[in-house]
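Chemist: Handing you this structure, nothing more for now.
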Amino acid sequence: MRRATVLAVVMVLALGGTVQAAPRVPMVTGAYAYQYGAGTSTVLLAARGGDPARGSLAFAGPFGSFRGPVTCVTVIGSDAWVAGEITVGAPEIEGVVYHGWAVRVHDGGTPGRKGDTAITLIDPPEVSLEYCQSADSSVDDWQVPVTGGNLVVQPAR
44 MRRATVLAVV
54 MVLALGGTVQ
64 AAPRVPMVTG
74 AYAYQYGAGT
84 STVLLAARGG
94 DPARGSLAFA
104 GPFGSFRGPV
114 TCVTVIGSDA
124 WVAGEITVGA
134 PEIEGVVYHG
144 WAVRVHDGGT
154 PGRKGDTAIT
164 LIDPPEVSLE
174 YCQSADSSVD
184 DWQVPVTGGN
194 LVVQPAR
């Protein structure tokens, strides 16, 4: 039986050419919490780059709870920018309803929270998308240490 399996694989390779793995795309995943200002924020994020980007974010924090799909993923080394639309629970702050979100994270490289930092922003969708596509570092100083959970940033290979 083993010879038949090996022979079948050899024949498939000979007839169909070599088998190539699909190119890896950048990925950002995490279930984590952080303290910012007076409140704790919790985030569940699963994002995969590509065309189109895929995934989702669920957020609960001082300005409410919301969730929505990923529209952009940019990864440079252990840093990531992820953006999307708010489709459930759009927060209203001072009379303005926000329909876009962006996340800026850094993977500290160790399992768990040590060295990980994050911040979640709410903006109009086009602002969040531009922030992600340009890998905008203007909010890097706003990132705070992850206090619970873990996040993982994987660049494309």
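So for the sequence shown, this note's numbering puts the first residue at 44; every next one is plus one.
Glycine residues also receive a C-beta, built at the ideal position from the N, C-alpha and C atoms.
It should be emphasised that the depicted structure is a prediction, and the values quoted were computed from it without experimental measurement.
1. Report the option in Val68, Ala90, Pro69 and Trp124 whose CA atom is closest to the CA atom of Leu164.
2. Pick helix, strand or coil for Gly191, following the three-state DSSP scheme.
3. Tell me Leu88's beta-bridge partners as DSSP assigns them.
4. Does the region 184-191 come within contact of the region 127-142, defined as at least 3 CB pairs closer than 8 Å?
5. Could you check how far apart the C-beta atoms of Leu88 and Val146 are, in whole angstroms? I think they sit under 8 Å.
6. Tell me the residue span of the alpha helix (DSSP H) that contains Ser108.
7. What does a CB cutoff of less than 7 Å around Gly120 pick up in its chain, not counting 5 residues either side in sequence?
8. When you compare only the Cα positions, how much space is there between Val139 and Pro105?
9. Check this for me: beta carbons of Ser99 and Val113, under 8 Å apart or not?
10. What does the alpha-carbon distance come out to for the pair Asp94 and Gln78?
11. Candidates Gly143, Ala101 and Val116: which alpha carbon is nearest Met70's?
12. Tell me whether Thr160 is buried or exposed, calling it buried when 16 or more other Cβ atoms sit within 10 Å of its Cβ.
13. Glu128 lies in the beta strand (DSSP E); which residues open and close that run?
14. Write down the C-beta distance between Gly192 and Ala96 rounded to the nearest angstrom, noting that I regard them as a contact closer than 8 Å.
15. Please classify Glu135: does DSSP put it in a helix, a strand, or coil?
16. Quick one, which of Pro167, Ser108, Ala90 and Val68 has its alpha-carbon nearest Thr83's?
Modeler: Taking the structure as given:
1. The residue labelled residue 164 in the question sits at position 121 within the sequence shown. The residue among Val68, Ala90, Pro69 and Trp124 with its C-alpha nearest the C-alpha of Leu164 is Trp124.
2. Here residue 191 corresponds to residue number 148 of the sequence shown, with the count starting at 1. Three-state DSSP puts Gly191 in a strand.
3. On the sequence shown, position 45 is the one that residue 88 refers to. BP columns for Leu88 point to Gly73 and Leu100.
4. In short, these stretches do not touch, since the Cβ pair count stays below three.
5. For the purposes of this step, residue 88 is taken as residue 45 along the sequence shown, with counting starting at 1. For the purposes of this step, residue 146 is taken as residue 103 along the sequence shown, with counting starting at 1. About 6 Å separates the beta carbon of Leu88 from that of Val146, a gap short enough to meet the 8 Å contact definition.
6. Here residue 108 corresponds to residue number 65 of the sequence shown, with the count starting at 1. DSSP places Ser108 in no alpha helix (DSSP H) but in the uninterrupted beta strand (DSSP E) bounded by Gly107 to Ile119.
7. Against the sequence shown, residue 120 aligns to sequence position 77. Cβ within range, chain order: Pro198.
8. By one-based count along the sequence shown, residue 139 stands at place 96. By one-based count along the sequence shown, residue 105 stands at place 62. The straight-line gap separating the alpha-carbon atoms of Val139 and Pro105 is approximately 16 Å.
9. Locating residue 99 in the sequence shown gives position 56, counting from the first residue. Locating residue 113 in the sequence shown gives position 70, counting from the first residue. Contact flag set, yes.
10. Counted from its first residue, the sequence shown places residue 94 at position 51. Counted from its first residue, the sequence shown places residue 78 at position 35. Answer to the nearest angstrom: the Cα atoms are 33 Å apart.
11. In the sequence shown, counting from the first residue as 1, residue 70 sits at position 27. The option with the nearest alpha carbon to Met70 is Val116.
12. Position 117 of the sequence shown, counted from the first residue, corresponds to residue 160. Thr160 is buried by the Cβ-count criterion.
13. If you number the sequence shown from 1, residue 128 lands on position 85. Asp122 to Glu128 is the extent of the beta strand (DSSP E) around Glu128.
14. Residue mapping note: residue 192 aligns to position 149 of the sequence shown, counting from 1. Residue mapping note: residue 96 aligns to position 53 of the sequence shown, counting from 1. About 22 Å separates the beta carbon of Gly192 from that of Ala96, a gap too long to meet the 8 Å contact definition.
15. By one-based count along the sequence shown, residue 135 stands at place 92. Glu135: strand per DSSP, three-state reduction.
16. Working through the sequence shown from its first residue, we reach residue 83 at position 40. Residue Ser108 is the option with its Cα nearest to Thr83.
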